[in-house]
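Residue numbers (our numbering), protein chains in the order written: chain A, 1 to 339; chain B, 1 to 618.
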Amino acid sequence: METTKVKYTFKDFSSDQEVKWCPGCGDYAILSAVQKALPEMDVKKEDFVFISGIGCSSRFPYYMDTYGFHGIHGRGLAIATGTKLANPNLSVWQITGDGDAMAIGGNHFIHAVRRNVDLNVILFNNEIYGLTKGQFSPTTKLGMKTKTSPEGQIQNPFNPGELVMGSKGRFFARVMDKNPKHMKEVFIQAEKFKGTSVVEALTNCVIFNDKVHDQFTQKDHQDDMLFLEHGKPMLFGKNKEYGLMLHGFKLIKVKLGENHVTIDDILVHDAHVEETGLGMMLVNAGMGDGLPRVFGVIRSVQEDTFEERMQAQVDNVRETSKFANLDELFASGETWEIE
Amino acid sequence: MSSNKVTSTEVEKVVIKFAGDSGDGMQLTGTQFTGTSALLGNDLATFPDYPAEIRAPQGTVAGVSGFQVHIGGTDIHTPGDYADVLVAMNAAALKANLKWIKSSKTIIVDTDSFKKKDLQKAGWESNPLEDSTLDAYKVIKAPITSMTKEALKDLGLDAKTMARSKNMFTLGMVYWMFSRPCEHTIKFLNDKFGKKLPLVAEANIKALRAGRNYASTIEAIPNQITITGSQSLEKGTYKNVMGNAATAWGILAASAKSGRDVFLGSYPITPATEILQEIAKHKHFGAKAFQAEDEIAGIASTIGASFAGSLPVTTTSGPGLALKGEALGLAVMTELPLVVVNVQRGGPSTGLPTKTEQSDLMQALYGRNGESPVAVIAASSPADCFDYSFEASKIALEHMTPVVLLTDGYLGNGSAPWKITKMDELPDINPPIVKEGTENWEPYSRDAERLARTWALPGTPGLEHRIGGLEKDGKTGNVSYVPENHQSMTEAREAKIEKIADYLPELQVEGAQEGDLLVIGWGGTKGSMLTSVREMVGEGKSIGLAHFNYINPLQKNVKEILGRYKKIVVAELNLGQFANYLRMSFPEFEYKQYNKVQGLPFTTIELKDAFNKILNEN
């Protein structure tokens, strides 16, 4: 992508369309963080494309003054894949929700992740179906009562990060609607990453699943949230007094100064490690295990993208093909004349 | 062994069917015979007929693979109804094909494959080679497997590998019968195996020659059948093409003529897969072949590529089209170009994957939610798959609409001589791409002539816009639930498709231009329909054929043609889908039907019987 000369502001990315999310919806914060992040990326405005599926989150492209495509349920990633492969110059963003990406689009999600096309996925996770008014989603917690689970939800939920790790995804980060500044920084990192980057954004559905993420997103719950930084020790808590350590095959929470624990004992975050084992632990932390929920870039491991590999093959075929043009191809093989 | 004396005969046309177990290499044998015949200047048509299973139980009727080829010095439009020569490599192949051979004609059998066990597996009560079953035929009983092994015994191969060359031995015999040289096949074998597996090449060539020599020695084969008749193909350079390859090439040609790179997002499905495979070979022509995780991702990725400015193509067969239905509606709503190639097969559901049918017409026309019109066109021969995939691409790009191109298994897998099209003979394709710097552009404004939306490509400064599956305002493209807007947009989408008719050639009638009976067909049945009608015209009947390639919209002169005949019959490989479509479009006429749903193409004999019956009715 060429260097942009124009300096944009977030207003350049706001369309004239009225935003129709419910008052208090966490999606507003994500929209605003994206609109603030885009001017800081080295991309021309006309090269941004936002593509979505169906759901509350998927109305997102209408609110952006960029190229946009509001697709069909679950298939936004497949549409985005085609757009990016057709024109690798574009910065393609795929907006999706937990229902769109994990249920009806689950198949496309895992395959897009393993394929590693240079796409930026923002997965709005509110653990509920909002647009269809309150049914459980694939990320809804076990036991939760919803309109379609009046006695409690009996399916184990998906953890999006776990699916990304399991599909050998190259980039996974987690952000929250309550921390727009952090969100913005992570979106910029996602854009810089060449390959499929998945950012799970915890967002609050004020109508059907209010406060679902409060334990991990409210300021007074800092003991329950850890913000990762590559190369830095995994510390958390109001005064960074807690840390994570490996104990056998498990992550444990420790307090600095207690039981002779020093800063040197704390795990240092390496987002670039090829193995997914520790990443798997980090994405799972915080679900009833006494550990904090982990935010930030959990994994960022560069590899050739799908389109780079494709281009290499094109170049190779161009050099080795017997046919310089279609007329030569059509006339190849055995032919005969009718006089 | 029968004691037919060697005779020299001349025939205009001949139908040969090679049949054996699905591992016997019958498709290769048939293709080789076809290629050699084409090089000798014969016109021809082929029909491969193979089981859906990769390896059905060996030696059973279900596992029989066949390849039929019709060659002649004159016009050949079908692979032929009944065979003049049947090659049966085992008892099951004979069982499956006996009803497809004309009486008094020749059957070649490998007697090594008629042992007790073979007969049992094939379901013969007694040995047909020893009872009266084959009395009406000239039977050439040859121990093909053992002779092949004998011929190859010095090469140091194991018995199984040696036996694998028996198809080449058989081909050698048939080459002798029809005075065909072996050179073409020898070259093929050397090219295919020469470098990597020289011993395999040698074995096959040796078997081929041994078969030919055997046939010339035994004096039992009615040798030296000469094919006569003057060639009626127009002047030019020809090659033999399969329908699916021709479809892929038409797409590549459209890409070059439109300046849009091909994006083919697809998922493998019989019998459409070869189109994806062919496109995958030609990346350097700017063709991106994307094998997606499923049919839906296939079409959805293609729609994304269309948004970005590609020539967007997705290929599939019946059940795959069903899966693509929702996304196809999205392409209708967003008014983006899209070519959907549906190589039809027997249905419903998984149906008959390797057998042909024309029963997806209603699905192509209506298989979506809402008022969702798309253009529908159909190819009618393996060679014109090139023309119609080019045409489908042109319509899609210039009219900004999805186009469903219907071919079928019979066309896709069949082959025929194709007069090689030169790129400079083809028309240009001009998609309505919005130029950079265009002011006051609105995403859903239409050009007056075609009523097509214009195409602004991501990456163009100043034309940023949003499209999607929700109904859009007719100008701005903003989401709109205004009732009147939905009505006018629905009507606009319909009118856009109808407008395509302004750009179509007139429908031509073959045979009588007015009179007693108009025969109507569409798509892949053209060869047999044409042959039947021409023969009946030759017999003095007042009969004409209107064969349709354009289905939605219909050509403008259709109604006028329908009015010129006393009776109309629609013949199709389904229960009357096109007949019903015509009833809906032109209810003032009465339509008789002739329908077949056996997974098989029409025979000219059954068509003529049906048409004669209708002519004779009061």
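Virtual Cβ for every residue (Gly too), placed ideally from N, Cα, C.
Remember, predicted model here, so these are calculated numbers, not experimental data.
Asked: Between the alpha carbons of Tyr481/B and Pro157/A, how many angstroms are there, rounded?; Found: 36 angstroms
Asked: Under 8 angstroms between C-beta atoms, does Pro39/A make it to chain B?; Found: no
Asked: Could you tell me whether the Cβ atoms of Cys385/B and Gly298/B are closer together than 8 angstroms?; Found: no
Asked: Note down the Cα distance separating Ser306/B from Glu514/B, rounded to an integer number of angstroms.; Found: 45 angstroms
Asked: Below 8 angstroms, how does it come out for the stretch 26-36 of chain A and the stretch 201-210 of chain A: are there three or more Cβ pairs, yes or no?; Found: yes
Asked: For chain A, is any of its Cβ atoms less than 8 angstroms away from the one on Trp249/B?; Found: yes
Asked: Could you tell me the alpha carbon to alpha carbon distance between Thr338/B and Gly152/A, rounded to whole angstroms?; Found: Before going on, a small fix: residue 338/B reads as Leu here, not Thr. Cα-Cα distance, rounded: 45 angstroms.
Asked: Strictly below 7 angstroms CB to CB, what residues from chain B border Pro160/A?; Found: Ordered by position in chain B, no residue passes the 7 angstroms Cβ test against Pro160/A, which lies about 18 angstroms from the chain.
Asked: Could you tell me whether the Cβ of Ala256/B comes closer than 8 angstroms to any Cβ of chain A?; Found: yes
Asked: Count the other CB atoms, across all protein chains shown, that sit within 10 Å of the CB of Phe249/A; report buried if there are 16 or more and exposed otherwise.; Found: exposed
Asked: Ignore the nearest five residues each way along the sequence and tell me which others in Leu276/B's own chain have a CB closer than 7 angstroms to its CB.; Found: Leu264, Ser266, Pro268, Ala289, Gln291 and Thr315
Asked: Taking buried to mean at least 16 other C-beta atoms within 10 Å of its own C-beta, is Leu142/A buried or exposed?; Found: exposed
Asked: If we call anything under 8 angstroms between Cβ atoms a contact, is Gly459/B one with Asn89/A?; Found: yes
Asked: Please classify Glu319/A: does DSSP put it in a helix, a strand, or coil?; Found: helix
Asked: Using a Cβ cut-off of 9 angstroms, which residues of the stretch 142-154 of chain A contact any Cβ in chain B, in chain order?; Found: none
Asked: Quick one: which residues of the stretch 417-434 of chain B get their C-beta closer than 9 angstroms to a C-beta of chain A? List them in chain order.; Found: Pro417, Trp418, Lys419, Ile420, Thr421, Lys422, Met423 and Asp424
Asked: Tell me, which residues are paired with Pro661/B by DSSP?; Found: Residue 661/B lies beyond the residue range present for chain B, which begins at 1 and ends at 618; the question has no answer from this structure.
Asked: Per DSSP, what kind of secondary structure is Leu98/B in: helix, strand or coil?; Found: helix
Asked: Where in the stretch 109-136 of chain A do unbroken runs of the beta strand (DSSP E), each at least 3 residues long, occur, reported from the N-terminal end onward?; Found: 119-125
Asked: Are the Cβ atoms of Glu293/B and Asn107/A separated by less than 8 angstroms?; Found: yes
Asked: Rounded to whole angstroms, what's the CA-CA distance from Phe178/B to Thr603/B? Just pull it up for me.; Found: 24 angstroms
Asked: Closer than 8 angstroms, CB to CB, is Tyr67/A near chain B or not?; Found: yes
Asked: If distances are taken between C-alpha atoms only, which option among Thr78/B, Phe390/B, Asp81/B and Lys99/B comes closest to Ala88/B?; Found: Lys99/B
Asked: With Ser310/B and Arg260/B assumed to form a contact (beta carbons below 8 angstroms), what rounded beta-carbon distance in angstroms separates them?; Found: 6 angstroms
Asked: Along chain A, which residues have their Cβ under 8 angstroms away from the Cβ of Thr460/B?; Found: Glu46
Asked: Among all the DSSP beta bridges, which residues are the ones paired with Val403/B?; Found: Val339/B and Ala375/B
Asked: Which residue comes first and which comes last in the beta strand (DSSP E) that contains Arg174/A?; Found: Phe171 to Met176
Asked: Which same chain residues end up closer than 8 angstroms to Pro61/A when comparing Cβ atoms and leaving out the 5 residues on each side of it in sequence?; Found: Phe50, Ile51, Ser52, Gly68, Phe69, His70 and Ile95
Asked: When the Cβ atoms of the stretch 517-525 of chain B are set against those of the stretch 468-485 of chain B, are three or more pairs found closer than 8 angstroms?; Found: no
Asked: Could you tell me whether the Cβ of Lys288/B comes closer than 8 angstroms to any Cβ of chain A?; Found: yes
Asked: Can you give me the start and stop residues for the alpha helix (DSSP H) that Asp118/B sits inside?; Found: Lys116 to Ala122
Asked: CB-CB under 7 angstroms to Asp191/B, same chain, minus the five flanking residues each way: which ones, in chain order?; Found: none
Asked: If we call anything under 8 angstroms between Cβ atoms a contact, is Val14/B one with Ile227/B?; Found: yes
Asked: Name the two residues that bound the continuous alpha helix (DSSP H) containing Ser91/A.; Found: Taken as a continuous stretch (DSSP letters only), Ser91/A belongs to no alpha helix (DSSP H), being part of the beta strand (DSSP E) at Ser91 to Gly97.
Asked: Cβ closer than 8 angstroms: which chain B residues qualify as neighbours of Gln222/A?; Found: Those do not exist, as Gln222/A stays about 39 angstroms from chain B at its closest Cβ, beyond 8 angstroms.
Asked: Using 10 angstroms around the beta-carbon of Lys355/B, count the other beta-carbons present and answer buried if the total reaches 16, otherwise exposed.; Found: buried
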